[in-house]
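Here's the structure we're looking at; comments come further down.
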Amino acid sequence: MSTPAQATDTPTRLYLGVALMALAMIVVPGMDGIAKYLSTDHSTSQIVWSRYIFMTIILLPFILLRYRHEVLRPKAPARQGLRGLLIIGSNFLFFWSLAYLPIADALALLFVYPLAITVMSGLILRERVGPRRYGAVVVGFLGVLLVLKPEAGNISTPALLAIAAGILHGGYIVLTRSLAHHTPALVTLFYTGVVGTVVMSLFVPFYWSAPTVDSWMWMVVLGLCSGLGHYFITKACALAPASILAPLGYVEIISGTLIGFFVFGDFPDLLTWAGIAVICGSGLFIVLREAQLKKRG
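My numbering puts the sequence shown at residues 159 to 455.
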């Protein structure tokens, strides 16, 4: 006999959830490509500011129409603020790294975040993390070394920025999990946009360069991609289990590689591909292991 939750997981819902998640993993790397393109003429502060202000403007009418009370009376405001600061820091460091690294390399290093989440879950949240998942973390960092290709201990600053962005992103996801039962996902995304707009507006005047009409257009598209990508992810999570959707996150590396190749002429070498495979494999192991443990629990 199926439970109500199982009854709602019809094949149509699952397929739609998978399709939306895959679509999100195409839209989000598009945002990275736009950020890399804008970095030739504009500062990282200005690019991050444009992402948040236009995402917030685009989301505002939909949020107010559907979640008016939740927006006007936020729950857990301190955690919402901290979550916003973590993702702002992650975006800033990642977009900064994109100015110097190929998109595929930067994304591969950003994807240390499942490994960071595992470590944070054990050390900060005091969740039980077994030796298998810690072993996957170690293997994942070996994959990071393959991507970095350190020569005589010399690792580039942009690569370290991308890794730091992944660690902050992991902290952001840990906090997002803790807020999931208090606030609708889209409302939480809107709060993130507001925090990002306010914080970056304090810094952007010092790093402002007058945008051309072309730059303004791409800045608006950047905000649109950000809002759409996260909306698709939110809807996908409502339609399909996380254990099915999580592996699709690695489609982002493939999409990012294609954008990097066709737009910027960048393509990873064999050693980088090997590192990407190790990082993705360790991350997938962690995801599948968590899903297995939840079923047992």
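Think of the CB as a built atom: it goes at the ideal place given N, C-alpha and C, for glycine as much as any other residue.
Secondary structure of residue i, DSSP reduced to three states
i	result
Lys307	coil
Pro316	helix
Ala368	coil
Pro187	helix
Tyr292	helix
Thr161	Residue placement at Thr161 is poorly supported in this model, since its pLDDT is 41, which falls under 50; the coordinates are not used for a value here.
Which listed residue (the options) has its alpha carbon closest to that of residue i
i	options	result
Phe212	Ala396, Phe299, Tyr225, Gly354	Gly354
Asp427	Gly188, Val206, Leu244, Pro260	Pro260
Thr430	Val421, Leu256, Thr415	Thr415
Lys393	Ala343, Ala257, Phe425	Ala343
Leu474	Ile331, Val332, Phe299	Any question about residue 474 goes unanswered here, given that the chain covers just 159 to 455.
Gly191	Leu243, Gln238, Tyr389, Ser255	Ser255
His200	Met183, Ala234, Phe364, Glu448	Phe364
Chain C within 7 Å of residue i, Cβ atoms only
i	result
Leu347	In summary, chain C is missing from the structure at hand, where a single protein chain is found.
Residue i versus residue j - alpha carbon distance
i	j	result
Pro169	Leu403	14 Å
Ala266	Gly324	9 Å
Leu360	Ile246	13 Å
Ala236	Met358	18 Å
Met189	Ile321	19 Å
Met179	Val409	9 Å
Pro219	Thr346	15 Å
Gly288	Gly329	20 Å
Ala478	Lys194	For residue 478 there is no data in the structure shown, the boundaries of the chain being 159 and 455.
Ile205	Arg454	45 Å
Ala177	Val445	19 Å
Ala264	Val352	26 Å
Val295	Ile275	10 Å
Ser367	Trp207	13 Å
Phe422	Leu196	12 Å
Gly242	Gly433	30 Å
Extent of the continuous alpha helix (DSSP H) to which residue i belongs
i	result
Val371	371 to 397
Arg237	235 to 256
Val277	271 to 281
Val362	Premise fails: Val362 is in no alpha helix (DSSP H) and is neither H nor E.
Phe420	409 to 422
Ala404	First-last for Ala404: undefined, no H or E at that position.
Val287	Val287 -> no alpha helix (DSSP H), and no H or E assigned at all.
Beta-carbon separation (whole angstroms), residue i vs residue j, contact threshold 8 Å
i	j	result
Phe390	Ala182	4 Å
Val302	Ile437	6 Å
Thr202	Phe250	6 Å
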